[in-house]
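Residue numbers (the numbering used here): 872 to 1498.
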Amino acid sequence: MPRVTFHPDSRTVEVKEGERLLAAAWKAGVGIKSICGGRGKCGSCLVEIDGAASQGAALTPLGDDERTLLPEDGAQRGYRLACLCEIKADVALSVPPESQAVRSAPRKPYTVIDVDPRPIVRRLCASVPDAYAPPPRSLSERLRSAVGEALQRPAVEMPLDVVADYSLRPGFDAAREVTATVYADRRILALRPGRQQALYGVAIDIGTTSVVVFLCDLARGSILAMRTAGNPQAIYGEDVISRMTHIQRDIAALGEMRRLLQDELNRLIAEAADEAGIAVDDIADAVAVGNPTMQHLLLGVNPEPLGRGPYLPVWSERAEVEAAALGLGVLPRARVCVFPSIAGYIGGDTLAAVLTRGPEFYRGTHLLIDVGTNGEVVLAHDGELFATSCATGPVYEGAHIRCGVRAVPGAIERVWVDAGARIRCAAIPQSEGKGDPRPVGLCGSGVISSVAAFVGSGLVAEDGGLAEAPRHPALRGDANGRAKEAVLVAGPYTRTGRDIVLTQQDVRSVQLGKSALRAGIEILLAERGIKTLDRIHLAGTFGNHLEPEDILKIGLVPPVPVERIRSIGNAAGDGARMALFDRRHRRRAATLARRMTVLELSLREDFQDLFVTHTALAPSPEAFAAA
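Here's what the structure looks like:
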C-alpha cells in the first residue's frame, strides 16, 4: 500500500492505491483547508509535492480542471490540489501555511462578567450513620438518608451506578462523612468519602470555524483557564453546507464529525484542567452553545434537514444530556446543558449572546450582529425581540479569499493607504514575539480593512471594480489594462515567499457577503418601521476585531454615528458562562427563545431587490456626522 508523508508534521499514513490526497490527510489527522468540502471547486487544498519532478509516478497526472485552480506558477513549483489527485505510489508533500486548517488556535476574546454564583450543581458534606446503629440498613440506604437529610429533601435520587462507583473507593465502608455532588438538589451525581468542597464546570462555545472551552470555579464564579482551537470538522468543509453534504452522501460522516469534535473538546478540557491543577472528574457541570448544525452534531442528531427547505432543525429544545453520552471527558454523570435553537440557522450561540445584554438592550432600538460563515441579526425594539439569519458565506473567516487565512499569528488584520498612497499592513503578532514575524495571508478583518481602505482611496469603485492598473503601482492588470489584483505584500517579505494579494474576485466575495447581511438587516428594520438605531452590538471573534469606520465605509451596517457601534467580544461564550454560574440564566434563555420572532429571508420577495441594492461599496457621509 502506498505511504503518504505530510510535512511539516512529518506524519505518515498508508492508503489504498487510487485514494485522494485529501482523504489521506484526514486519515493522518492533518488539517488541510477545504472550503468546498473536497469537491474540486475552490482551490484551497493546495499542497506542494516534494521532488516535483518525480510526482508523475506517485500521483495521477495534472488535469485541466485542477490546473485552472492552481496559482499561475503552481504547476512548475510542484503544487497540486489534494482533493483532485489520486495516489499511485509513495509520496511526500508539504502543506503551505495558507492551506493549513485548524492548526493554530484562533483568537476568542471574552468579557469578565460578574455573576453571583448559583450553580445548578453543588457539593455538600453529610454524616453517614454507623452500620451498627439500629435499625440495620444497607450502606445505600444510609447514604441516601444522610444526603437527603443534608438537603432537607428525603426523596433524593441516588442511581445504582453512583453507589457502585463509591464502593470502589478505598475506605468507603468505614467513612463517617461523605461528600455528595448533587444536581438540581434532587439527583446525586457522585459520592466520595470524606470532605471535599471544590466544584468546577466548563462552558463550551462550538463555532463552525473554532471552539472555545472555559474551565470555571463554580463556587467563586471565576474563570480558571481557557482553551481555544480550530474546529477539526473543517476537514469536511469550511461551512456547514459542505459538512451536511458529506453526511447526505454518507451517514457515517456524522459519527466521524462528532468524534473529531469530542476528541478536540476533551483535549482542550484536559489541558485546561492540567493548567488549573484539578482532576477532570471534579468537573461536574457543563453548558454548550453553538449554531444549530454544531449543536446537532454534538448531540449526534442528523443536521442534514437544515440544508434544505424549509430549513428546520430536527431538535430545537434545550437538551440536558449526561456527559458520558456525549463522550465528554468530565464527571461521567455530569449533565451537559445544550441551549435551545431558535430557528434553522439561529442557534444557542445567538441566544447566549442575547443573554449577555442588560436591561438597556430592551429599551429603545438595538441591533446585535454576529458575522461569521453565517450572519445572525437580533433586533430589540421596545422590549420585543426579532431575529433573522443571512448566508454571508465563509469569506469573513478568510475563506474564499485568494490569500485568505484564519485569524492566527501572521494574518494581516489591518490595511491602510497612507498619505503617500503607499499600502500599509499590520498582522497579528506572534505570541511573545516568537516565530517568523512575516505575514502569511489575509484574515477576515484584514479583508474588510483592505476593501475599506481601497474604497476610501479610490482604488476600488462603488460598484466594487478595481481601478485601472496604471492608477497605482500595486495594481496588476490583464492584457487590456484592467486591474485583476492588488499586491499588499510582495513575496520576498512574506512567510510563504508568494505575494499576498487582494483580487477582484475577493472584492466581489466581500460584496456578496456584505449585501446579504445588509439586506437582512434592512428587512428586519422595515418590518418594525425603524429609521434610527440607538446602538449596534458586534458579537463574535470577527465582530470584535472589526473597525467601526471600516464597516460603515463599505455599508456593511446601516449609517449610525461611529460611537454607537460597540464590539462585545465572544458574547456566545460569555452567555454560556453566565448559565454555568447561575441556573436562573438557563430558564431565562428558554424564555428569550420563546419571545423571539424569526423572519425567514428565503420567503421574502423583497430580499433579492435589497440584496442587489446593497452590493454597492460606498461610504455613507451621514454615518460620520455625529462622530
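The beta carbon of each residue, even a glycine, is placed where N, CA and C say it ideally should be.
Check                                                                                                                                              : Outcome
Determine the extent of the beta strand (DSSP E) in which S965 is found, giving its start and end residues.                                        : V962 to S965
What is the residue span of the alpha helix (DSSP H) that W897 lies within?                                                                        : L892 to A899
Would you identify the three-state DSSP class for T1116, choosing helix, strand or coil?                                                           : helix
Tell me the DSSP secondary structure of T1050 in three-state form.                                                                                 : strand
When you compare each of P1184, D1145, T1365 and A895 to L1086 by their alpha carbons, which one comes out closest?                                : D1145
Quick one: grab the DSSP three-state call for T876.                                                                                                : strand
Have a look at V1018, A1324, W897 and T931 and flag the residue whose alpha-carbon is nearest the alpha-carbon of C916.                            : W897
Hey, E1418 and S1320 are a contact pair by Cβ (cut 8 Å); roughly how many whole angstroms apart?                                                   : 7 Å
Skipping 5 residues on each side, what residues in its chain have a beta carbon closer than 6 Å to that of I1439?                                  : H1408 and A1410
So that I know if they touch, is there some Cβ in chain D lying closer than 7 Å to that of S1212?                                                  : Protein chains in the displayed structure number just one, and chain D is not present.
With a 10 Å radius around its C-beta and 16 neighbouring C-beta atoms as the bar for buried, classify S881 as buried or exposed.                   : exposed
Given this structure, state the Cα-to-Cα distance separating E1493 from A1487, to the nearest angstrom.                                            : Caution applies to E1493, whose pLDDT of 45 falls short of 50 and renders its modelled position unreliable; the model cannot decide the point.
May I have the straight-line CA-CA distance separating V966 from V884, to the nearest angstrom?                                                    : 15 Å
Could you check if K887 is buried or exposed, using at least 16 other CB atoms within 10 Å of its CB as the buried criterion?                      : exposed
If you follow the alpha helix (DSSP H) that S1009 is part of, which residue opens it and which one closes it?                                      : Premise fails: S1009 is in no alpha helix (DSSP H) and is neither H nor E.
Whose CA, out of F1413, R1204, M1467 and A1450, lies closest to the CA of G1078?                                                                   : F1413
With a floor of 3 residues, list each beta strand (DSSP E) that falls wholly inside the stretch 1435 to 1480, ordered by position along the chain. : 1436 to 1438 and 1467 to 1469
Closest by CA to R1189, which one among G1219, I1436 and A1338?                                                                                    : G1219
What residues in its chain sit with their C-beta under 6 Å from that of F1325, if we drop five residues either side in the sequence?               : V1331
Who are I1425's beta bridge partners in DSSP?                                                                                                      : None; I1425 has no bridge partner.
Could you check how far apart the C-beta atoms of G1092 and V986 are, in whole angstroms? I think they sit under 8 Å.                              : 5 Å
Below 7 Å between beta carbons: does that hold for V1097 and I1059?                                                                                : Here residue 1097 turns out to be Met, not Val, going by the sequence shown. Contact flag unset, no.
Can you grab the Cα-Cα spacing for the pair V1027 / A1021, in whole Å?                                                                             : 10 Å
Between A1004 and R1015, what straight-line distance do the alpha-carbon atoms span, to the nearest angstrom?                                      : 15 Å
Considering F1085, what are the terminal residues of the beta strand (DSSP E) in which it resides?                                                 : S1081 to D1088
Nearest to L1168 by alpha carbon, out of D1156, A1105 and R1129?                                                                                   : R1129
Return the CA-CA distance between P1363 and V1372, expressed in angstroms with no decimal places.                                                  : 13 Å
Could you give the residue range of the beta strand (DSSP E) that holds I1299?                                                                     : I1299 -> no beta strand (DSSP E), and no H or E assigned at all.
Around the Cβ of N1162, are there at least 16 other Cβ atoms within 10 angstroms (buried) or fewer (exposed)?                                      : buried
Does the Cβ-Cβ distance between E1284 and S1328 come in under 7 Å?                                                                                 : no
Identify the residues that DSSP records as bridge partners of G1312: which are they?                                                               : A1282
Around the Cβ of A1035, are there at least 16 other Cβ atoms within 10 angstroms (buried) or fewer (exposed)?                                      : exposed
Any idea what DSSP makes of T822, helix, strand or coil?                                                                                           : Because residue 822 is not part of the residues shown, which for the chain are 872 to 1498, the question remains open.
By the three-class DSSP mapping on this structure, what secondary structure does P1363 have?                                                       : helix
Does the stretch 1433 to 1447 come close enough to the stretch 1223 to 1232 to have 3 or more Cβ pairs within less than 8 Å?                       : yes
For D1001, which three-state DSSP category applies?                                                                                                : coil
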